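2 protein chains.
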Amino acid sequence: MQIGSRFTIGVHIITAIDYFKDMDRVNSEFLAGSIGVNPVIVRTVISSLREAGIVQSRRGSSGAELARPLDGITLYDVYKAVHSVDEAEGLFHFHEQPNPDCPVGRNIHKALNPRLANAQEALEDELRCTTLAEIVEETRQAIQNELH
Amino acid sequence: MQIGSRFTIGVHIITAIDYFKDMDRVNSEFLAGSIGVNPVIVRTVISSLREAGIVQSRRGSSGAELARPLDGITLYDVYKAVHSVDEAEGLFHFHEQPNPDCPVGRNIHKALNPRLANAQEALEDELRCTTLAEIVEETRQAIQNELH
DNA sequence: ATAGTTGTAATATATCATATTACAACTAAG
DNA sequence: CTTAGTTGTAATATGATATATTACAACTAT
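Protein chains in written order, with the working numbering: chain X, 1 to 148; chain G, 1001 to 1148.
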């Protein structure tokens, strides 16, 4: 069980938009080529990022742009934007039909749910610690280091 | 995208084994009734817990028992035992074919992977903070509180 | 006008979790 | 030692969901 790749695709998109902004026409086909997925997937993820106010894009006009500075975007923002995880359901899937006629069945969630929420929050807090500015900067440095 | 219910099923199993150990014959059918899933799923999860040294069970002999004290079992132990998440793959699914001919495509994982690992570790560390002794105790208290 | 792109729906495919069926291996009780 | 009942596990089916693909109207820029 894994968190879907739309999250890392979203990070890749933002990084590529910034990196290539002065060099190429960064449209969905170009991005799809860099990421290695279908252009429609790219457009779908971009739509999510647009709805979250992270990037700008519109019909007919080729290419996407960032809607706010890179240091104002965290990994958590991207994670939430692409809704890799359903907000209401939470990260952990609790078995859905514990028996209400069983004392354990109807009470265990009271003990377990707060712990699952804490674990999910720990993950999200960690994602909030990194901005896309850091990701882009480190990617640029990695590219520089290739030259040696 | 969610972490599968085998994890919470595992916690439910351990809690029920302890709670009912002096009252009922806690076999896979009984547990399946309490949890609300198929008995074979219960037996599969118990197999995982047995391989992790958390419970004891064997062919023919009805019922499972705990293999070690409840305060020596953490939520993380259960989480790992049922392999809700593949060890090698990690919690986050990185898109699999970033373009090696693109500088961003072949370098972004260097910047992103450590952050994803940190987030996963934060989640797991939080799961290590809770023992099954706490879960069982709180479940017992919740059952007690029902009487008022 | 025209060529090219986006947004989005519809559909297909792939993957994986859970459900179900089936049964040999085994235990315990009589 | 026979029998009823359970476990471990394989095989298969079902269901849910993520990603891929096709298609095209809406739109932009030239």
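Just so it is clear, CB atoms sit at the ideal spot from N, CA and C, and this is done for glycine as well. Source: prediction; values computed, not measured.
Residue closest to residue i, alpha-carbon to alpha-carbon, out of the options
i	options	result
G:Y1019	G:E1146, G:I1046, G:L1132 and G:C1102	G:L1132
G:L1118	X:A111, X:R128 and X:N113	For the record, residue 1118 of chain G in the displayed sequence is Asn; it is not Leu. Answer by Cα proximity: X:R128.
X:G36	G:R1106, G:V1045 and G:A1111	G:R1106
G:S1061	G:V1136, G:R1043, G:T1074 and G:V1011	G:R1043
G:I1041	G:Q1120, G:G1010 and G:V1136	G:G1010
X:P103	G:Q1144, G:S1028, G:T1074 and G:S1005	G:Q1144
G:A1111	X:Q141, X:P69, X:H109 and X:T74	X:Q141
X:M1	X:Y76, X:F92, X:A88 and X:V26	X:F92
G:N1038	G:A1088, G:D1024, G:P1069 and G:S1005	G:S1005
X:R59	X:K21, X:S28, X:A52 and X:T139	X:S28
X:A32	G:D1125, G:E1121 and G:E1096	G:E1096
X:E121	X:K80, X:I135 and X:T139	X:K80
Integer Cβ distance of residue i from residue j, believed to fall under 8 angstroms
i	j	result
X:P8	G:F1030	Residue identity differs from the one stated: residue 8 of chain X is Thr in this sequence, not Pro. Actually they are not in contact, since the Cβ atoms of X:T8 and G:F1030 sit about 43 angstroms apart, beyond 8 angstroms.
X:L66	X:V55	6 angstroms
X:I3	X:V78	At roughly 12 angstroms, the Cβ-Cβ gap does not stay under 8 angstroms, so X:I3 and X:V78 are not in contact.
G:L1123	G:G1090	Not really, about 11 angstroms apart at Cβ, beyond 8 angstroms.
G:H1109	G:P1098	7 angstroms
Helix, strand or coil at residue i [DSSP, three-state]
i	result
G:L1147	coil
G:F1092	strand
G:I964	In the structure as shown, chain G begins at 1001 and stops at 1148. Residue 964 of chain G is therefore absent and cannot be evaluated.
X:V26	coil
X:D58	The amino acid occupying residue 58 of chain X in the given sequence is Arg; Asp does not appear at that position. X:R58 falls in the strand class under three-state DSSP.
G:T1149	Outside the displayed range of chain G (1001 to 1148) lies residue 1149 of chain G, so it cannot be described from this structure.
Close Cβ partners of residue i (< 7 angstroms) along its chain, the five nearest in sequence each way excluded
i	result
G:D1071	T1131 and A1133
X:I135	V11 and T15
X:D24	F30
Residue i: first and last residue of the uninterrupted beta strand (DSSP E) it sits in
i	result
G:A1064	S1061 to L1066
Same chain only: Cβ atoms within 6 angstroms of residue i, ignoring 5 sequence neighbours per side
i	result
G:S1234	Residue 1234 of chain G lies beyond the stretch modelled for chain G, which goes from 1001 to 1148, so this question has no answer here.
X:L75	L127 and T130
G:N1113	none
X:V26	I17, F20 and G63
G:S1048	A1081 and V1082
X:D22	none
Chain-order list of residues whose beta-carbon lies under 8 angstroms from that of residue i (same chain, five-residue window excluded)
i	result
X:S34	H12 and A16
G:L1147	none
X:E137	none
G:T1139	T1015 and Y1019
G:R1068	G1053 and I1054
Enclosing alpha helix (DSSP H) for residue i [first to last residue]
i	result
X:A117	I108 to R128
X:V37	Unbroken run through X:V37: none, as it is neither H nor E.
X:A81	L75 to A81
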